[in-house]
Every structure is written in structure tokens, then in C-alpha cells.
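Since the structure comes first, as C-alpha cells, the remarks are kept for the end.
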Ligand SMILES: [Zn+2]
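In the numbering used here, the protein residues as written are 1043 to 1287.
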């Protein structure tokens, strides 16, 4: 079984085109947030129309797992916190979005919405506590922000990840967390595309311009991961590396 993970496409249509072309080669594709670009020259509603069409195409070619990022909110909820309402409208067979939990081969996968404030953060934590697989199978989270304090959240000058996620990882101990958000982490000295948080592996493929996007090919049977980017290709045997801490 092979999964392809990307994030932070930020309305790069060349990168979406590449994903459509590559998707059939994988059992699942993960897009870990920031599909849209709030600083883009095209308004958000128009971006949503285009990206929703890409997601439907991708979902017809492989199983697709998509979480929202901080660029993807299109509606404020009762607590005045943003959420990606539009993503729920494209949810379909083979297309799992924010709030989905599913068994995928040997894994259980939980797709986490971006939390925009205390209410959505509390809801996310409740969701993950409910999602914990009772049968002990390896658990994978798709969560836009990376855990704080690790190479995958390093900007080059500071860590800018999610501290509450670290506490949640320590409590619930997922096997894998696929994130993005900090675009430069894998490309900076002191940064990383993969890092350990206790027994958990955290990943951030990073963002590069042009096509293809930086990506991670993940095989849960190894388990192993390969990072492919403009900086080269790196392989990691996830079973061989020692646990952190
Ligand atoms: Zn981003």
C-alpha cells in the first residue's frame, strides 16, 4: 500500500494537475490543508469552484483525504471562528474531508479540521478522543499545522507549530501525523520533513513553487517514507529510527 502526501498547494493549478496525473498510482492521496490562497489574485469563491472540481476528479481516481488549513475557511461559525464549509459540500464516496474517520488498509485515519479558536480546538480534541482506534491499529492524523518544537515546525528562525497538538499527541499517541503549514521546514538548516514526537512520526513535505509539489510517499507496511522535492530525494526507514525523548 502506498500513500502520497502533499500540502499547501495554495491554488497552484500546475500542482493540482500533477496530482490528478499521479493519483491512480497510489492507494490514497493526502492533501494536508491550504488548498486555497487567501492572498491570491483570484477571489476565494472562484478558487473554491476550481479546487472543488479538482477534488472531485482526484476522488474519482483514488481515495482522497483532505483537511482544511488556515487559508481554507470560507464561513464563520456561531463562535466567530472560521471553518471550511465548502469542503463538506465536496465530501463524497472516496473523498474524506474534515471530521472524517476511516479504516484504510492497516491504518485508521482521522482527518482534522483547522482550528481557528478555542471552540473549534475543543471540538477537534473531542473528535480525536472519539476516534482512537479500539483495535490498536496504527493511527494516522491529517492535520494542517505540525506539532510545535520539532524540525517539521522550524521556519529557519523559530518553531511555529501547534503546541496543543503536541499535548494531544502525547495523550493519544497516533503513529503518524501528516501536516504542512510551515512551508520552509524541510528546506532550512535545523528543519526536517520527518521528525519524531515520542513514538509518533510527524511529517511536513514543505512547499515549493512550480510543478511538481514537494511530496512524501508513505508505505505503512515498511513502514517507510520517501521525501521528493527540488532539494532531492531522501528515504527513511521508520522502523529503524529510535523513538525520541
Ligand atoms: Zn500554507
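Ideal Cβ placement from N, Cα and C applies to all residues, glycine included.
Taking the beta carbon of residue i as the centre, do at least 16 other beta carbons fall within 10 Å, making it buried, or is it exposed?
{"i": "residue 1091", "result": "exposed"}
{"i": "residue 1278", "result": "buried"}
{"i": "residue 1251", "result": "exposed"}
{"i": "residue 1178", "result": "exposed"}
{"i": "residue 1089", "result": "buried"}
{"i": "residue 1237", "result": "buried"}
{"i": "residue 1231", "result": "exposed"}
{"i": "residue 1148", "result": "exposed"}
{"i": "residue 1136", "result": "exposed"}
{"i": "residue 1057", "result": "buried"}
{"i": "residue 1158", "result": "buried"}
{"i": "residue 1205", "result": "exposed"}
Sorry if obvious, but does the Cβ on residue i come closer than 7 Å to a heavy atom of ligand 1?
{"i": "residue 1121", "result": "no"}
{"i": "residue 1277", "result": "no"}
{"i": "residue 1020", "result": "A question about residue 1020 goes unanswered here, because the residues of the chain that appear run from 1043 up to 1287."}
{"i": "residue 1050", "result": "yes"}
{"i": "residue 1113", "result": "yes"}
{"i": "residue 1204", "result": "no"}
{"i": "residue 1083", "result": "no"}
{"i": "residue 1116", "result": "no"}
{"i": "residue 1225", "result": "yes"}
{"i": "residue 1222", "result": "yes"}
{"i": "residue 1059", "result": "no"}
{"i": "residue 1076", "result": "yes"}
Return the CA-CA distance between residue i and residue j, expressed in angstroms with no decimal places.
{"i": "residue 1267", "j": "residue 1082", "result": "32 Å"}
{"i": "residue 1055", "j": "residue 1061", "result": "10 Å"}
{"i": "residue 1254", "j": "residue 1265", "result": "24 Å"}
{"i": "residue 1084", "j": "residue 1050", "result": "17 Å"}
{"i": "residue 1184", "j": "residue 1150", "result": "11 Å"}
{"i": "residue 1175", "j": "residue 1125", "result": "26 Å"}
{"i": "residue 1257", "j": "residue 1201", "result": "21 Å"}
{"i": "residue 1162", "j": "residue 1170", "result": "12 Å"}
{"i": "residue 1138", "j": "residue 1160", "result": "24 Å"}
{"i": "residue 1165", "j": "residue 1141", "result": "10 Å"}
{"i": "residue 1133", "j": "residue 1242", "result": "28 Å"}
{"i": "residue 1043", "j": "residue 1121", "result": "40 Å"}
{"i": "residue 1076", "j": "residue 1211", "result": "22 Å"}
{"i": "residue 1209", "j": "residue 1154", "result": "15 Å"}
{"i": "residue 1271", "j": "residue 1235", "result": "10 Å"}
{"i": "residue 1052", "j": "residue 1131", "result": "19 Å"}
{"i": "residue 1190", "j": "residue 1239", "result": "10 Å"}
{"i": "residue 1071", "j": "residue 1222", "result": "14 Å"}
{"i": "residue 1276", "j": "residue 1080", "result": "32 Å"}
{"i": "residue 1087", "j": "residue 1129", "result": "12 Å"}
{"i": "residue 1047", "j": "residue 1219", "result": "11 Å"}
{"i": "residue 1107", "j": "residue 1215", "result": "20 Å"}
{"i": "residue 1156", "j": "residue 1067", "result": "28 Å"}
Given a cut-off of 8 Å on the beta-carbon distance, is the pair residue i and residue j in contact?
{"i": "residue 1143", "j": "residue 1168", "result": "no"}
{"i": "residue 1045", "j": "residue 1260", "result": "yes"}
{"i": "residue 1065", "j": "residue 1186", "result": "no"}
{"i": "residue 1203", "j": "residue 1229", "result": "no"}
{"i": "residue 1269", "j": "residue 1224", "result": "no"}
{"i": "residue 1152", "j": "residue 1194", "result": "no"}
{"i": "residue 1069", "j": "residue 1105", "result": "yes"}
{"i": "residue 1262", "j": "residue 1180", "result": "yes"}
{"i": "residue 1192", "j": "residue 1217", "result": "no"}
{"i": "residue 1198", "j": "residue 1233", "result": "yes"}
| At least three beta-carbon pairs within less than 8 Å, the stretch 1106-1119 to the stretch 1274-1284 | The stretch 1106-1119 makes no contact with the stretch 1274-1284; the number of CB pairs closer than 8 Å stays below 3.
| query | Are three or more beta carbon pairs between the stretch 1115-1125 and the stretch 1095-1102 nearer than 8 Å? | reply | The answer is no - the stretch 1095-1102 does not touch the stretch 1115-1125, with fewer than three Cβ pairs under 8 Å.
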